[in-house]
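Quick note on the numbering used here: the sequence shown kicks off at 496 and runs consecutively.
Glycine included, every Cβ here is placed at the ideal spot set by N, Cα and C.
Keep in mind that this is a model prediction, so the values were computed, not measured.
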Amino acid sequence: MKSIISGILIVVLMCQLASGAYVNIFEINYGISKINVIEINIQENGFSQINIEFTPNNTEFSFIIPEGSEDMSLNYDTGNKIVPKQRILNNRKEISANIPADRLNSNFIFSYFTPAITSKNASTWAVSFTTSSTPRHTIVKINFPQYSTIVSWDRTALFTKIDNSLWVYPQNTSFLFECTYETMQHLTQDNNNNIYLYSLIGFSLLILVLLLVLYIFVSRKWKEKSGETSKTEEDREEDKEKKTRIKSSILNVLDENERRIVEILEKFDEEVTQAYIYKTTGIPKATLSDIMRRLENRNIIKRRRDGRTNWVSLEDWVFSK
């Protein structure tokens, strides 16, 4: 019965999100060429700390955030602070700043707090927002409160789930997101019952695991006696390679980092910025540049420079016919 009620609440929340207006947490007005990272740290009380790393292409830039935003700060990536100008414009807050010409194309970080992107019904929270983004470059990192469970989110966008976090990769200049998550407060009302319940569940799981291990052991012994053999490491490697369009002769000569880069390029099936590969893999910039040079010298990738941006794609011949 409780699960049915929870399901109804989630549906109601999602309907409310669909019918309501999405809060725009960062809308470019002018003077900003790209948005690198948007990190949203959702706290237990529903307030969210939002950090945006962006790159301006003009000595004056401007952007829009929610009206009720608090504790705002604007910093160079070196840590030096800037005092921006602000004004209320159509029930939203416009932030603008002037920077020296020698700081053009440097990274800046703007931070603020807002309760505007969350709403709550019992133990279920809803999150909804929209933001400007740079397609195939911006990474939106959403960190949920500790001991919370992500119930649902829009899985049509590219995403990576890491523990209590979602990393989403926008593909358009305007990105819209919504999800629901549950806190664990309702599970702590009776600690004694919980301890007993968790102990019982843990003991039951232990028995199940032991039975499963015993079943696997007996099953393998029976197969060996029947003349059957498990898959060899080579068989598993062949199965893995069947899922990719890259020639196996190429994959077999790549090291781990080279293979990760090739798999990212295959996944998008088009040009991707080198900066995006750096943010996604976490490979140090100097090491990444060496890897890119090796792959380019081996005619596996091709690079195209557009201003300060390096675009990377796979050569056509690396794909299996």
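- Rounded to whole angstroms, the separation of the alpha carbons of P665 and F521 is 14 Å.
- In the DSSP assignment, R754 falls within the alpha helix (DSSP H) that extends over 751-763.
- Take the alpha-carbon of W662 and the one of L653: they are about 8 Å apart.
- For N794, no alpha helix (DSSP H) segment is defined, and its DSSP state is neither H nor E.
- Leaving aside the five residues that flank I637 on each side, the residues in its chain whose CB is nearer than 6 Å to its CB run, in chain order, I535, L661.
- Ranked by Cα distance from E562, the first of Y607, D597, E548 is Y607.
- Checking the DSSP bridge columns, you'll see A592 partnered with F556.
- N600 places its beta carbon 8 Å or farther from that of T675.
- Exposure of W812 is indicated by the presence of fewer than 16 other C-beta atoms within 10 angstroms of its C-beta.
- Excluding five sequence positions before and after T655, the CB atoms of its chain that fall closer than 6 Å to its own CB belong to W662, given in chain order.
- Here F712 is exposed, its C-beta having fewer than 16 other C-beta atoms within 10 Å.
- With fewer than 16 neighbouring CB atoms inside 10 Å of its own CB, A781 falls in the exposed class.
- Between I537 and V635, the C-beta spacing is not below 8 Å.
- Annotation for P610: G541, F542 place their beta carbon closer than 6 Å to its own, counting only its chain and skipping 5 residues before and after.
- A distance below 8 Å between beta-carbons, with the five flanking residues on each side excluded, links D572 to the following residues of its chain, in chain order: E548, S601, N602, F603, I604.
- Comparing alpha carbon positions, the residue from T644, K742, L760 closest to T776 is L760.
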